Each structure stands twice: as structure tokens, then as C-alpha cells.
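Working notes, structure below.
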Amino acid sequence: MCHPVSSEFQPSTPSTTGSVPPDLPRPTGTGAPQETAGGPAAPAVRPGALGWPPAAAAEPVTAVASPDPEARPEADAATAPAAEAGTSAEPEPAAPRSADVPTELLETPVGAGVQSQLEIAPQDGPTNRPMPSFPVPPPLSAHGPARVIAMCNQKGGVGKTTTTINLGAALAEYGRRVLLVDFDPQGALSVGLGINPHELDATVYQVLMERGTDVRSVIRDTAVAGLDLLPANIDLSAAEVQLVGEVARESVLARALRPALDDYDVVLIDCQPSLGLLTVNALTAAHGVLIPLECEFFALRGVALLVETIEKVRERLNPGLEVDGILATMYDGRTLHSREVVSRVVDAFGDDVFHTVIGRTVKFPDATVAAEPITSYASNHPGAEAYRQLARELVARGDAA
Ligand code: ADP
Ligand code: MG
72 MCHPVSSEFQ
82 PSTPSTTGSV
92 PPDLPRPTGT
102 GAPQETAGGP
112 AAPAVRPGAL
122 GWPPAAAAEP
132 VTAVASPDPE
142 ARPEADAATA
152 PAAEAGTSAE
162 PEPAAPRSAD
172 VPTELLETPV
182 GAGVQSQLEI
192 APQDGPTNRP
202 MPSFPVPPPL
212 SAHGPARVIA
222 MCNQKGGVGK
232 TTTTINLGAA
242 LAEYGRRVLL
252 VDFDPQGALS
262 VGLGINPHEL
272 DATVYQVLME
282 RGTDVRSVIR
292 DTAVAGLDLL
302 PANIDLSAAE
312 VQLVGEVARE
322 SVLARALRPA
332 LDDYDVVLID
342 CQPSLGLLTV
352 NALTAAHGVL
362 IPLECEFFAL
372 RGVALLVETI
382 EKVRERLNPG
392 LEVDGILATM
402 YDGRTLHSRE
412 VVSRVVDAFG
422 DDVFHTVIGR
432 TVKFPDATVA
442 AEPITSYASN
452 HPGAEAYRQL
462 ARELVARGDA
472 A
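Heads up, the sequence shown stops at 472 in my numbering, and the numbers go up one at a time, no gaps.
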């Protein structure tokens, strides 16, 4: 008997995007209008979204110029230009989301000797839009089923793990039952919550790979009331390889989490910095994706590829997947560079960008060392308040209970 899954998981030719698992199924329908069989089609850039350089002076951007370090007027000495994680391949044009991703917009250096166009009115928030107020969410009388949100960005060091811990802790403060899933073999989320990854008998690895391991038996409490953790350690790196031989390998995490969903209001999955099979599993298990984006020019360059991957997963594996929002992290409002990066991201992604931005502060690494969320480590610090506001914004947007 012909099983419907078999055609869905045919091996396919290697992806031209490099970072997407080469065996991600190819689209079978006609729902990818911009995917052409021939040479690369020009990405459809939303002209109004270009915004930079200003429309009057706009010249067509013909090549991705290497950003000139001299042209960064207020480069933050503390911000080393991070290496790009596997994004050297040009993203292939596709239909990445409901609106087209203005690739050029994301890849043109900001602040290249042009005076800032940014005039932030006093009532405007850091994203240069009027700041709504986000009310404290009412208590829930019943819990579950959870909405699952993947923290995703193939670039490392952008604030995925920090956002997972602190958004989770903030939601828990508002009475939500929250499960954090460590889905990075580095185990930084587990360590950040005070767990020694070498002492773990069971982790998310067993839940994925050992049939009969109930996820609920591996989930543990944390020191924060209402916040639970499904931990990980380096064992998870083996799963990336072993999953390749599994049937429906992209949906293994979704299936594994299912028994726990009724116990929680929100599940946050901390992805590893790659677009490999583990991340595809997270995107397949998720209802929404939250993209933390460091306020630094180089951080923008991988976003088009990430959005394209999200779109592929939506087309082929998880039709309900939504981009919940893009979160600007490590924002320093004193630097023109931070403000320009945020402005660029808002031009490109509009209302998908959270009004809340997370400021750069050493309190976050300090809290990590203390193995606590900032909401308890430095409860009154603006960084703690920022994550509380993000939690309120998420609820106000309907992306969490
Ligand atoms: P990722 O999970 O994307 O690799 P992390 O959340 O681990 O990123 O953050 C990378 C490093 O940056 C960590 O040392 C973390 O403490 C620090 N960090 C995260 N967010 C901020 C912030 N808003 N300000 C300053 N440092 C931060
Ligand atoms: Mg991380």
C-alpha cells in the first residue's frame, strides 16, 4: 500500500541555499510563485520599503558593498563584527513571507556617510513608531493547550537564549505556565537556568530518539515558579545526524512535545544557530517564530535566508507557521548605528517588528553567570522591564495566552 508520507519525504537535490538541509522536501504544489526553474529571478523589493538611501537620492543597489568600517559613525567598540554563520551563499529569491523581503534593504550598509533621517518624536518608541501601551494580561483561569514559539536565528550571539529565558520568566511572572525547550546541543539555556549538563540522565535527546520516552518524565522544574525546562546537552548534536534516517524526520520534535502541550500556556524553543534539521524540527513543531536580531548591521544579512527557510517549512511541513515578530536586541539608543539598524528593519518588516526593543546591558551576561533570569537577578533593572514588556506585547498581539 502506498503510504502518503513516502512521496513527501523523497530525497531531493541539494539546496542551493547551502544552510537548509539538502533533504528538505521540495515543494510539490504551485504555491511558490517566485521560485523559478531557471536562473535567479530578481528579488521583488518593496520600493517604498527601501527607505535607505532616502528615496530622493536612491540609486539602484547593484551589488552588496562590503560595509566600510570607517563609515560607521559611532561603532561600538564592544561590538565585534561577528562572523556570519554560514550565510555566504546569496539567498535564492523566493516568496519568503506575506510581504516580499527587501533583500537589498537588508544588505546595504547603514550609515554610509549619510546623515540620519531619523527624527524620533518624543512620543515615539525606539522603533520610531508611536509606542502603544501593553496592559498587564489578565490571569488565566485554565491552562493549555500551549502555543509553541521557536526562537530562531541562524546567527549565534543574537540573544536567542537570553530571550528564551527572560521572556519565559516574564510570562511566568504573569501567571502563565511556560515550558522552555533547550534545542541547542551547547545547552546554554540549561546552564543559564543552573543545570549542569553533564549530570543529566535524560535530555531532549532521549525524548527525540528513544521510543517510549515520555517528554513529561524529562521536563524539570526551575527556580522560577511556573517555568519548566526540557534540558539538552551535547548528546543532541548526535540527533541531528541520526534523525536523517528517521521517517518524517522533520516532525520528530512536534510529535515528542505533543503529550506536554496541555500542561502549558506557552512553549519556547531555543534553537541552535543554524538552519539544519534540528531547527527545521523546531519550526515544524512551532505555531510561531520569534526572530531575535542584534542591532548591528551584519546581523541583518542572514534574515532574508532565515525568512526563506521559514517560508519553505510553512509550504512543505507546517502550513500554520507564523512569524510572530522580530525582536531588536542589544540596542544602544546612544548610537546612530543601533537606531539606523532598527529603522532599516522596521522599513523592511513593518509591524512584524516588536515595539519592544531589548537594550544592551552587562546585566544579561551577569544574570547568566548567576544562572538566573534577569527578572529575578535584577528585578528592577530596565532589562528585566524590557522582557516584561515583551511578554505583555506578545499577549497583546495574540501570540501568547
Ligand atoms: P544566542 O542564543 O543567540 O547565541 P545569547 O542569548 O546566548 O545568544 O547571547 C549571546 C551573549 O550576549 C551572551 O553572553 C548574553 O549574555 C549576551 N547578551 C544577550 N542579550 C544581551 C543584551 N541585551 N545586552 C548585552 N548582552 C547580551
Ligand atoms: Mg543560544
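Virtual Cβ for every residue (Gly too), placed ideally from N, Cα, C.
Quick caveat, the model's predicted, so the values are computed rather than measured.
The beta carbons of Ala-217 and Asp-336 sit closer together than 8 Å.
In the structure shown, Glu-367 adopts coil according to DSSP, grouped into three states. Counting only residues of its own chain and dropping the five nearest sequence neighbours on each side, Val-323 has a CB closer than 7 Å to the CB of Leu-279, Leu-314, Glu-317, Asn-352. By the C-beta density criterion, Arg-247 is buried, having at least 16 other C-beta atoms within 10 angstroms. Between Leu-300 and Leu-250, the alpha-carbon positions lie close to 6 Å from each other.
The C-alpha of Ala-259 lies about 30 Å from the C-alpha of Asp-422. In this structure, the alpha-carbon of Tyr-458 lies about 20 Å from that of Val-262. Going by beta carbons, Ile-340 and Ala-327 fall outside the 8 Å limit.
In the structure shown, the three-state DSSP call for Glu-311 is helix. Scanning its chain for C-beta atoms nearer than 6 Å, with the 5 sequence neighbours on each side dropped, one finds around Ala-310 the residues Tyr-276, Leu-279, Met-280, in chain order. Its chain contains Arg-463, Ala-467 as the residues whose beta carbon lies nearer than 8 Å to that of Pro-206, once the 5 sequence neighbours on both sides are disregarded; these appear in chain order.
Under a 10 Å Cβ-count criterion, Pro-363 is classified as buried, with 16 or more other Cβ atoms of the shown protein chains found around its own Cβ. In the three-state DSSP reduction, Tyr-402 falls in the strand class (E or B). For Lys-226, the Cβ stays outside the 7 Å cut-off from all heavy atoms of ligand 2. Shown in chain order are the residues whose CB sits closer than 5 Å to a heavy atom of ligand 2: Lys-231, Thr-232, Ala-259.
Here the region 409-416 does not lie against the region 440-455, with fewer than 3 beta-carbon pairs under 8 Å apart. The beta carbons of Pro-330 and Asp-285 sit closer together than 8 Å. Of all alpha-carbon atoms in Ala-294, Leu-348, Cys-342, the one lying nearest the alpha-carbon of Arg-320 is that of Leu-348. Inter-residue distance for Thr-198 and Thr-406 is about 14 Å (C-alpha atoms, whole angstroms).
The region 312-357 is shown to contain whole alpha helix (DSSP H) runs of 4 or more residues at 323-328, 348-356, in chain order. Our two residues, Glu-270 and Ala-419, have alpha carbons roughly 44 Å apart in a direct line. DSSP places Phe-420 in the uninterrupted alpha helix (DSSP H) bounded by 407-420.
Its chain contains Gly-359, Asp-395 as the residues whose beta carbon lies nearer than 6 Å to that of Asp-470, once the 5 sequence neighbours on both sides are disregarded; these appear in chain order. Rounded to the nearest whole angstrom, the C-alpha separation of Leu-354 and Ala-213 is 26 Å.
Annotation: His-408 to Val-229 spans about 16 Å, alpha carbon to alpha carbon.
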